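S.K.: The opening residue of the sequence shown carries number 1 in the UniProt record's numbering; numbering runs sequentially from there.
C-beta: ideal position from N, C-alpha, C; glycine also.
Since the model is a prediction, treat every value here as computed from it, not as a measurement.
Please read through the structure below; I'll follow up with questions.
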Amino acid sequence: MEVRVGSVEEVRRDGCRIVEVNGRSVGVISIGEEFFAIIDRCPHMGASMCAGSLSGTFVASEPHEYVYGKAGRVIRCPWHGWEFDLESGRSLLEPKRFGLKTYRVTQLDGEVVLHA
Numbered sequence: 001m002e003v004r005v006g007s008v009e010e011v012r013r014d015g016c017r018i019v020e021v022n023g024r025s026v027g028v029i030s031i032g033e034e035f036f037a038i039i040d041r042c043p044h045m046g047a048s049m050c051a052g053s054l055s056g057t058f059v060a061s062e063p064h065e066y067v068y069g070k071a072g073r074v075i076r077c078p079w080h081g082w083e084f085d086l087e088s089g090r091s092l093l094e095p096k097r098f099g100l101k102t103y104r105v106t107q108l109d110g111e112v113v114l115h116a
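Below is the structure:
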């Protein structure tokens, strides 16, 4: 199933646009030239993930070295701060246990298309 989300410019301007897919809210998020799509419901207590913030996180590095990475690719729940990787949907704290469903997003003729 393909869902046309809107023009590339509109979705970039909005930052996050919520669309309905099979009765579920899906957030389509614009970061630079890329688009990501996740279920818009935190698995903890159901908050809208699109109401949260985008940031990065510390990534694997040498001992006693702190390297910041994934800038703008980590979404944080607005209620309790649970963090998820936008690319995989997995929780940063417990990746084997919690995650957000992700969807493929493409651009076609100047429009953003969600593939569900």
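Less than 8 Å between the beta carbons of V12 and V113, yes or no?
M.R.: Within the sequence shown, the letter at position 12 stands for residue 12. Within the sequence shown, the letter at position 113 stands for residue 113. Here residue 12 is Arg; the residue named in the question, Val, does not match the sequence. No, the pair does not count as a contact, with Cβ atoms beyond the cut-off.
S.K.: Quick one: measure Cβ to Cβ for C42 and C16, integer angstroms, because I've assumed they're closer than 8 Å.
M.R.: Counting from 1 along the sequence shown, the entry for residue 42 is found at position 42. Counting from 1 along the sequence shown, the entry for residue 16 is found at position 16. Not confirmed; about 14 Å, so no contact.
S.K.: List the whole-angstrom C-beta distance separating E87 from R73, where the pair is believed to meet the contact cut-off of C-beta under 8 Å.
M.R.: Here residue 87 corresponds to residue number 87 of the sequence shown, with the count starting at 1. Here residue 73 corresponds to residue number 73 of the sequence shown, with the count starting at 1. Between R73 and E87 the Cβ distance is about 6 Å, and since that is below 8 Å, they are a contact.
S.K.: What are the start and end residues of the beta strand (DSSP E) that includes E83?
M.R.: Along the sequence shown, read from residue 1 onward, the residue named residue 83 stands at position 83. 83 to 85 is the extent of the beta strand (DSSP E) around E83.
S.K.: What does DSSP give as the partner residue(s) for L108 in the beta ladder?
M.R.: In the sequence shown, the residue the question calls residue 108 occupies position 108. In the DSSP output, where bridge partners are listed per residue, L108 has E111.
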